[in-house]
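Colleague: Numbering (the working numbering), first residue to last: 1 to 388. Glycine included, every Cβ here is placed at the ideal spot set by N, Cα and C. These numbers come from a predicted model, not from an experiment.
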């Protein structure tokens, strides 16, 4: 390029975002070195690439010094809200949000989604209400999906119905991703009949996530036979299953004790539908075999896995071996869990109790020390959509 400009750099930066933060920041440094200070577009584009709070704070300070916050650009302020929520600082995000002289649906949605991602579910619902009661701003599809994740976590059936009614009044009912979120929310709030009404409504086109949400709903309610029947119906309709659908139907089989059916479904998904088995899917098979007393078969399955067995797999085997008093496999599962850097606290507690019963106090001390160090991380929640 014979003559670079700020505009050409901004174009390069925007196209580099999918490649990761390192390439984006290299372009920003080169842009500054060439004498082109980042402008509003640059800052807005780079904020999503701030994977750590230090870089985000530097951009925030730069934006403030150059009048890009507050009464400045809505895109920058909304981006700062999203960035602080992304790095786990929702309180700072709220300070930026409260400092905005004007707010729009993007900034409100960023705040609602940020609260949800950080486990502040009541705050997310409160922000959703304030959005249209205080600022008279109507939510969009992404706002509704974000608040439904919070409603689901709170088991707030009444709030879920309100969001559903809001969607109908605003003419958004029928949006596939929104209906999927409604199905999931109703099912997990204990209102499976409402989930069914949405799923079997023929006025909208369902995708694989829709089928997966309904199958998972049946599984959550212990209706394994219904989950399997719906899975078979999905295949008959020509919908290709993915690993999430597979996990849902296998989990339903596990809780319903449908051993042979679960194994058939697993083998069919891998061999006939090209689904790559995940650790969670494999853990379901281990649990399925273990609950039915086939602990040795469960161990053989682990040895044949194409993915590395993790805490959920060894934890399922440990539970099964304890239930069926298989001392040899208990020891193997216990040692395997201890070798892993991470695991569920419940797994480590089981390992501790197992070794305490055998008076292996040195191992008990190691396990309890690991638990007390707080090395267990809580897994982040997942949303039905990517707001970006």
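Tell whether a beta-carbon distance below 8 Å holds between residue 150 and residue 121.
Modeller: On the chain shown, position 150 is the one that residue 150 refers to. On the chain shown, position 121 is the one that residue 121 refers to. For residue 150 and residue 121, yes; Cβs fall inside 8 Å.
Colleague: Apart from the five residues on each side of it in sequence, which residues of its chain come closer than 7 Å, Cβ to Cβ, to residue 60?
Modeller: The residue given as residue 60 occupies position 60 in the chain shown. Here the set comprises 80.
Colleague: Nearest by alpha-carbon distance to residue 282: which of 257, 258, 317 and 273 is it?
Modeller: Within the chain shown, the letter at position 282 stands for residue 282. Of 257, 258, 317 and 273, the residue nearest in Cα terms is 317.
Colleague: List the endpoints of the continuous alpha helix (DSSP H) containing residue 169.
Modeller: Locating residue 169 in the chain shown gives position 169, counting from the first residue. Per DSSP, residue 169 belongs to the alpha helix (DSSP H) from 157-169.
Colleague: Beta-carbon separation of residue 193 and residue 182 under 8 Å?
Modeller: Within the chain shown, residue 193 is the residue found at index 193, counting from 1. Within the chain shown, residue 182 is the residue found at index 182, counting from 1. It is not a contact, given that the beta carbons lie outside the stated cut-off.
Colleague: Under 7 Å: does the beta carbon of residue 297 sit that close to some heavy atom of the ligand ADP?
Modeller: Only the bare structure without any ligand can be found here, which leaves the ligand ADP out of the picture.
Colleague: Excluding sequence positions up to five away, which residues of its chain have a Cβ less than 6 Å from the Cβ of residue 256?
Modeller: By 1-based counting over the chain shown, the position of residue 256 is 256. Correct list, in chain order: 224.
Colleague: Is it right to say residue 267 is buried, meaning 16 or more other beta carbons lie within 10 angstroms of its own, or is it exposed?
Modeller: Residue mapping note: residue 267 aligns to position 267 of the chain shown, counting from 1. Its Cβ having fewer than 16 others within 10 Å, residue 267 is exposed.
Colleague: Would you decide whether residue 52 is buried or exposed? Buried here means 16 or more other CB atoms lie within 10 Å of its CB.
Modeller: The sequence position of residue 52 within the chain shown is 52, counting from 1. Flag for residue 52 reads exposed.
Colleague: For the candidate residues 313, 237 and 105, whose alpha-carbon lies nearest to that of residue 288?
Modeller: Looking up residue 288 in the chain shown gives position 288. Comparing Cα positions, the closest option is 313.
Colleague: With burial defined as no fewer than 16 other Cβ atoms inside 10 Å of the residue's Cβ, what is the status of residue 67: buried or exposed?
Modeller: Residue 67 sits at position 67 when you count from the first residue of the chain shown. Per the 10 Å Cβ criterion, exposed.
Colleague: Thinking C-beta only, is residue 275 closer than 8 Å to residue 311?
Modeller: Here residue 311 refers to the residue found at position 311 when the chain shown is read from its first residue. Here residue 275 refers to the residue found at position 275 when the chain shown is read from its first residue. Contact: no.
Colleague: Would you mind reading off the limits of the alpha helix (DSSP H) that contains residue 68?
Modeller: Counted from its first residue, the chain shown places residue 68 at position 68. Taken as a continuous stretch (DSSP letters only), residue 68 belongs to no alpha helix (DSSP H), as it is neither H nor E.
Colleague: Report back the beta-carbon spacing between residue 146 and residue 113 to the nearest angstrom; my notes put them in contact at under 8 Å.
Modeller: On the chain shown, residue 146 is found 146 positions in, with the first residue counted as 1. On the chain shown, residue 113 is found 113 positions in, with the first residue counted as 1. 4 Å between Cβ atoms; contact.
Colleague: On a CA-only basis, which of 244, 228 and 271 is nearest residue 252? Give me that one, please.
Modeller: Counting from 1 along the chain shown, the entry for residue 252 is found at position 252. For the residues 244, 228 and 271, the minimum Cα distance to residue 252 belongs to 228.
Colleague: Quick one: complete alpha helix (DSSP H) runs, 4+ long, within the segment 106-145?
Modeller: Within the segment 106-145, the complete alpha helix (DSSP H) runs of at least 4 residues are 121-133.
Colleague: Under 8 Å between the Cβ atoms of residue 250 and residue 285?
Modeller: By 1-based counting over the chain shown, the position of residue 250 is 250. By 1-based counting over the chain shown, the position of residue 285 is 285. For residue 250 and residue 285, yes; Cβs fall inside 8 Å.
Colleague: How would you write the range of the alpha helix (DSSP H) that residue 102 sits in, first residue to last?
Modeller: Translated into the one-based positions of the chain shown, residue 102 becomes position 102. Neither: residue 102 is in no alpha helix (DSSP H) and is coded neither H nor E.
Colleague: Below 8 Å on the Cβ atoms is my guess for residue 12 versus residue 27; work out the distance and round it to an integer in Å.
Modeller: In the chain shown, counting from the first residue as 1, residue 12 sits at position 12. In the chain shown, counting from the first residue as 1, residue 27 sits at position 27. That pair is a contact at about 6 Å.
Colleague: Give me, in chain order, the residues of the same chain whose beta-carbon lies closer than 8 Å to that of residue 115; leave out the 5 immediate sequence neighbours on both sides.
Modeller: For the purposes of this step, residue 115 is identified with residue 115 of the chain shown, where counting begins at 1. Answer for residue 115: 85, 90, 121, 123, 124, 127 and 150, listed in chain order.
Colleague: DSSP state of residue 379, grouped into three classes?
Modeller: One-based indexing of the chain shown puts residue 379 at position 379. For residue 379, the predicted model reports a pLDDT of 43, less than 50, meaning its position is unreliable; a value from the coordinates is still stated below. In this structure, residue 379 counts as coil in the three-state DSSP scheme.
Colleague: Does the Cβ-Cβ distance between residue 77 and residue 45 come in under 8 Å?
Modeller: As a working mapping, residue 77 is identified with position 77 in the chain shown. As a working mapping, residue 45 is identified with position 45 in the chain shown. No. Outside cutoff.
Colleague: What do you get for residue 390, buried or exposed, if any count of 16 or more other CB atoms within 10 angstroms of its CB means buried?
Modeller: Lying before the first or after the last residue shown, residue 390 is absent from the chain, which here runs from 1 to 388.
Colleague: Report the rounded CA-to-CA distance for residue 99 versus residue 215, giving the unit in angstroms.
Modeller: Looking up residue 99 in the chain shown gives position 99. Looking up residue 215 in the chain shown gives position 215. Answer to the nearest angstrom: the Cα atoms are 44 Å apart.
Colleague: Tell me whether residue 278 sits in a helix, a strand or coil according to DSSP, three-state version.
Modeller: Along the chain shown, one-based indexing puts residue 278 at 278. In the structure shown, residue 278 sits in coil (DSSP, three-state: anything other than H, G, I, E or B).
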